[in-house]
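Student:
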């Protein structure tokens, strides 16, 4: 906050462009030091898909009060949970597009998985009642739990329920955080 966020906002104000809204700051941590990779005036993707389920307060109220400059009147609450997101991508991502592939989502029979996970669709189209992977980043499997491990386990269990030709995803998401838990 002191090294990046406050100086960024101060600099924008000094340049006559005080910032209001969503500012996404993409960081890379190298030897415990943060370095800015990018600034976006929107929510990050897939970060947003992972963070939104942790907001206990009304997201509508949060956005409305932000737009009407009344955030100080809102007590923003978060669930005391962890969330992990695993991006499923198409075969040729990020180098080129892949041909559309039908997505099959197995029926989720485990109540725990139903209650502690969700799919956030991205590069997907719907035709004749069927879903097709049509983009590079196809979807995000999000797991929510009482620990990073539990959230990660739910996210990967959900990944196993989704099938399409050329699907790929990383198997090492949150592994560094697990070693600290």
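Numbering (this note's numbering), first residue to last: 12 to 192.
Cβ atoms here follow ideal geometry from the backbone N, Cα and C, with glycine treated the same way.
When you compare the CB positions of residue 36 and residue 97, do they come within less than 7 Å of one another, or not?
Tutor: It is not a contact, given that the beta carbons lie outside the stated cut-off.
Student: For residue 30, name the three-state secondary structure that DSSP assigns.
Tutor: The answer is coil: DSSP assigns residue 30 none of H, G, I, E or B.
Student: In the DSSP assignment, what residue or residues form a beta bridge with residue 142?
Tutor: Looking at the DSSP assignment, residue 142 forms a beta bridge with 114 and 137.
Student: For the segment 65 to 125, list the beta strand (DSSP E) runs that are entirely contained and at least 3 residues long, ordered along the chain.
Tutor: Here the runs fully enclosed are 93 to 100 and 112 to 116.
Student: What separation, rounded to the nearest whole angstrom, lies between the Cα atoms of residue 161 and residue 150?
Tutor: Rounded to the nearest angstrom, the two C-alpha atoms are 20 Å apart.
Student: Contact check, residue 116 vs residue 172 under 8 Å by CB: the rounded distance?
Tutor: Indeed they touch by this definition, with Cβ atoms about 6 Å apart.
Student: So for residue 178, helix, strand or coil by DSSP?
Tutor: Residue 178: coil per DSSP, three-state reduction.
Student: In or out: residue 109 buried (at least 16 other Cβ within 10 Å) or exposed?
Tutor: With 16 or more Cβ atoms within 10 Å of its Cβ, residue 109 is classed as buried.
Student: Since residue 44 sits in a beta bridge, which residues does DSSP pair it with?
Tutor: Residue 44 pairs with 41.
Student: Is it buried or exposed for residue 81, if we count other Cβ within 10 angstroms and need 16 for buried?
Tutor: Exposed.
Student: How big is the Cα-Cα spacing for residue 69 and residue 52?
Tutor: Between residue 69 and residue 52, the C-alpha separation is close to 21 Å.
Student: Can you say whether residue 175 is buried or exposed, counting buried as having 16 or more other CB atoms within 10 angstroms of its CB?
Tutor: It is buried - the Cβ of residue 175 has at least 16 other Cβ atoms within 10 Å.
Student: Using the Cα positions of residue 65 and residue 59, report the straight-line distance between them to the nearest angstrom.
Tutor: Roughly 10 Å between the two C-alpha positions.
Student: Apart from the five residues just before and just after residue 189, which ones in its own chain have a Cβ nearer than 8 Å to its Cβ?
Tutor: Excluding sequence neighbours, residue 189 sits near 159, 160 and 163.
Student: Whole-angstrom Cβ separation of residue 147 and residue 101, contact assumed at under 8 Å?
Tutor: Sure, about 6 Å apart at Cβ, within 8 Å.
Student: Compare the beta carbon distance of residue 111 and residue 145 with 7 Å and say whether it is the shorter of the two.
Tutor: Against a cut-off of 7 Å, the Cβ pair of residue 145 and residue 111 comes out as a contact.
Student: Looking at residue 6: is its Cβ nearer than 7 Å to the Cβ of residue 121?
Tutor: Nothing can be reported for residue 6, as the shown portion of the chain is limited to 12 through 192.
Student: Around the Cβ of residue 61, are there at least 16 other Cβ atoms within 10 angstroms (buried) or fewer (exposed)?
Tutor: Per the 10 Å Cβ criterion, buried.
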